[in-house]
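Structure record follows, encoded as structure tokens.
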Amino acid sequence: MLSRLGRRRFLGALGIGAGMGAIEGGCATASEAKPRTGGDAPACKPPAGLREDVAALVAKTPFVDTHEHLWEEKRRIEGLDDPKETNLPTADIGMLFSHYADSDLHVAGMRPVDLQRIRRPGLAPKEKWALIEPYYAAARHTGYLRNVRLSVWMLYGEQDLCEDNVEAISEKLRAGVKPGMNRRILQDVCNIEYCQVNDVSGEYLFRETAQPALLTQDISFVPLLLPSHTDIQKVGRQMDMEPGSFETWLECVDKVFAAYAPRAIAMKSQQAYSRGLDYARVEKEEAKPRFEQLLNNPGGVPAEDHVAVQDFMFHYCIEKSIEHKLPVKLHTGYYAGSGSMPLGRLAGNPGEMTNMLMAHKDARFVFMHITYPYQDAAIAAAKQHPNAWIDMCWAWIINPSASVRFLKEFLKAAPASKLFTFGGDYLPVELVPGHAAIARQGITQALCELVEEGWIDEGAVPELVERLMRGNAHEMFDYEKTQLNWG
Ligand SMILES: [Zn+2]
Numbered sequence: 001m002l003s004r005l006g007r008r009r010f011l012g013a014l015g016i017g018a019g020m021g022a023i024e025g026g027c028a029t030a031s032e033a034k035p036r037t038g039g040d041a042p043a044c045k046p047p048a049g050l051r052e053d054v055a056a057l058v059a060k061t062p063f064v065d066t067h068e069h070l071w072e073e074k075r076r077i078e079g080l081d082d083p084k085e086t087n088l089p090t091a092d093i094g095m096l097f098s099h100y101a102d103s104d105l106h107v108a109g110m111r112p113v114d115l116q117r118i119r120r121p122g123l124a125p126k127e128k129w130a131l132i133e134p135y136y137a138a139a140r141h142t143g144y145l146r147n148v149r150l151s152v153w154m155l156y157g158e159q160d161l162c163e164d165n166v167e168a169i170s171e172k173l174r175a176g177v178k179p180g181m182n183r184r185i186l187q188d189v190c191n192i193e194y195c196q197v198n199d200v201s202g203e204y205l206f207r208e209t210a211q212p213a214l215l216t217q218d219i220s221f222v223p224l225l226l227p228s229h230t231d232i233q234k235v236g237r238q239m240d241m242e243p244g245s246f247e248t249w250l251e252c253v254d255k256v257f258a259a260y261a262p263r264a265i266a267m268k269s270q271q272a273y274s275r276g277l278d279y280a281r282v283e284k285e286e287a288k289p290r291f292e293q294l295l296n297n298p299g300g301v302p303a304e305d306h307v308a309v310q311d312f313m314f315h316y317c318i319e320k321s322i323e324h325k326l327p328v329k330l331h332t333g334y335y336a337g338s339g340s341m342p343l344g345r346l347a348g349n350p351g352e353m354t355n356m357l358m359a360h361k362d363a364r365f366v367f368m369h370i371t372y373p374y375q376d377a378a379i380a381a382a383k384q385h386p387n388a389w390i391d392m393c394w395a396w397i398i399n400p401s402a403s404v405r406f407l408k409e410f411l412k413a414a415p416a417s418k419l420f421t422f423g424g425d426y427l428p429v430e431l432v433p434g435h436a437a438i439a440r441q442g443i444t445q446a447l448c449e450l451v452e453e454g455w456i457d458e459g460a461v462p463e464l465v466e467r468l469m470r471g472n473a474h475e476m477f478d479y480e481k482t483q484l485n486w487g
């Protein structure tokens, strides 16, 4: 163990950063009517000594944010008063409950019709709050809702939401939608170096972002895997080809990778939302007639034939990832939303993951969201297989305590180089600050506990913080390549 003096020497005298200061003030009405939350101040003052030093180091170290779905800034600005932009939530407090928080509100009893009403224009912020408040009170201690509160505090200076401040918060949120908003929130508030974005909001396969240095992009390869009749036509049009046979479809897929891989940071699939990850090895001769049946009979092909094409296409795309040196990110574990998760299917993910690891030893796989709630098996996969990495993106707000336990257990079991520790996983950039603060708090707690338990030396902390928060991502993802090729 280093002495306190020695620790001070390497940690240095650091300012207290994002999300780690004590808070004053807050709602005088609604929240006082209820029991106040003891340890739930949106940002906790770290205890003195080791924890304070580590918290300060973690606060000043930038994250590489390995997973987001953030909207383009231009779309946010142009969508502010555009009645045709129905996919963006209105820029008021409803937006803060439009992603993830809405799931907890729904599970706590809020009606889907009211969840829709808080997304849309038509109600004043106070009217929206009246719909939200009972369910917010019921679910306020979850990671999703604490994240809303923390983000509000970090961006708008309010400790909690209540009837008296939802209008002011809404005005500040709306006023913040302007050029430079992404950079201000992500870099100035969250201390994020850059983000990796997986577009799910309309662009196809790859987003032509206006901010490639801040928002690097994944190739979203699900449309190549499905593929539905519509996908085949759409991918064909985008690549300026007519995939009239299986051979021309595969040429089309080659062209997708040739077109986007030079600028892509990784490739990503969330197909685990619709099937298991048990991609069988299917010969091309078997997939070809089934694909062509799909091509010629939209809607009229048995489901198992789709699966055979998916199986073939998955392995085909993994070969492409090796050729183009792209890490393959796969959604594993917990589902977004509510009322739609078949846990039995998810339980199969870890075994299926290890099968693909052994089938493609030259591919680099990133299993997202710690495969929660099967994170023990994810640790086993990362410990056993040189080509497996685990990403803690989203996990910090799904189950914050499990994430702290996971981080400690991972570091004791598998090489620290196999882990990425943060991805906000949000559409609205306004919700990333709280998530980054919760992650920083969890990383601090996990590392301090390992020191306090005598498992790691204090002197190992700075190297671990650097590696976990950005060093591993620097090694894995070729950011410089993407920047050169964006030109
Ligand atoms: Zn995601």
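One point on numbering: in my numbering, the residue at position 109 of the sequence shown is 109, and numbering is uninterrupted. We put the beta carbon where it would ideally sit given N, CA and C, even for glycine. None of these values were measured; they are calculated from a predicted model.
query, result
"Start-to-end residues for the beta strand (DSSP E) that takes in T248", "Where T248 is concerned, there is no enclosing beta strand (DSSP E), although the alpha helix (DSSP H) it sits in stretches over F246 to Y260."
"Euclidean distance between Cα positions of A303 and I390", "31 Å"
"First and last residue of the uninterrupted alpha helix (DSSP H) at F406", "P400 to A413"
"Straight-line Cα distance separating L96 from R364", "35 Å"
"Proximity test, D425 beta-carbon vs ligand 1 heavy atom, cut-off 7 Å", "yes"
"Contact belief for Q102 with L115 at Cβ below 8 Å, rounded distance in angstroms", "Per the sequence shown, the amino acid found at residue 102 is Asp instead of Gln. Correct: roughly 5 Å between the Cβ atoms."
"Near ligand 1: H67 beta-carbon under 7 Å from a heavy atom", "yes"
"Residues sharing a beta bridge with L468, DSSP", "According to DSSP, L468 bridges with nothing at all."
"Limits of the unbroken alpha helix (DSSP H) element including H229", "H229 to Q238"
"With 16 other Cβ atoms within 10 Å as the buried cut-off, status of D240", "exposed"
"Straight-line gap, M110 to Y100 (C-alpha atoms, nearest Å)", "14 Å"
"Cβ distance (whole Å) where H67 is taken to contact Q196 below 8 Å", "6 Å"
"Contact set for R119: own chain, Cβ-Cβ below 6 Å, skip 5 residues either direction", "P89, G94 and S98"
"Coil, strand or helix - W389 by DSSP", "strand"
"Complete runs of the alpha helix (DSSP H) confined to the segment 50-133 [at least 4 residues]", "50-60, 73-79, 93-96, 101-107 and 112-119"
"Host beta strand (DSSP E) of H331 (start-end)", "V328 to H331"
"Reference R221, options A395, M358 and A261, closest by Cα", "The amino acid at residue 221 is misidentified as Arg; the sequence shows Phe. F221 has its Cα closest to that of A261, out of A395, M358 and A261."
"Same chain only: Cβ atoms within 7 Å of I456, ignoring 5 sequence neighbours per side", "L450"
"Which listed residue (H474, M368, I232 and I265) has its alpha carbon closest to that of N297", "I232"
"Among V307, K255, K412 and H315, nearest to F206 - alpha-carbon criterion", "K255"
"Distance cut-off 7 Å: W129 Cβ against heavy atoms of ligand 1", "no"
"Near ligand 1: N182 beta-carbon under 7 Å from a heavy atom", "no"
"beta-carbon W394 near ligand 1 non-hydrogen atom, thresh 7 Å", "yes"
"N-terminal and C-terminal residue of the alpha helix (DSSP H) that M488 is part of", "Residue 488 is absent from the structure shown; the chain starts at 1 and stops at 487."
"Residues bridged to I192 (per DSSP)", "F63"
"Among V253, V461 and H141, nearest to H315 - alpha-carbon criterion", "V253"
"Those residues which DSSP pairs with T216 across a bridge", "Q196"
"Counted within 10 angstroms of its Cβ, other Cβ atoms place E24 as buried (16 or more) or exposed", "Unreliable positioning characterises E24 in this predicted model, as indicated by a pLDDT of 37, which lies under 50. The coordinate reading is nonetheless provided below. Looking at its Cβ environment, which holds fewer than 16 other Cβ atoms inside 10 Å, E24 is exposed."
"Bridge-paired residues (DSSP) for S269", "L330"
"Near ligand 1: K387 beta-carbon under 7 Å from a heavy atom", "It should be pointed out that residue 387 corresponds to Asn in this sequence rather than to Lys. No, the beta carbon of N387 sits no closer than 7 Å to any heavy atom of ligand 1."
"Endpoints, the alpha helix (DSSP H) within which F312 is located", "A303 to E323"
"Cβ-based neighbour list, N387, same chain, cut-off 7 Å, excluding 5 preceding and 5 following", "L357, K361, A363, R364 and F365"
"Selection from R470, R263 and C190 that minimises the alpha carbon distance to A213", "R263"
"Best match in T230, A272, A460 and A55 for proximity to L343 [C-alpha to C-alpha]", "A272"
"Straight-line gap, I322 to V58 (C-alpha atoms, nearest Å)", "34 Å"
"Distance, A473 Cα to F367 Cα", "14 Å"
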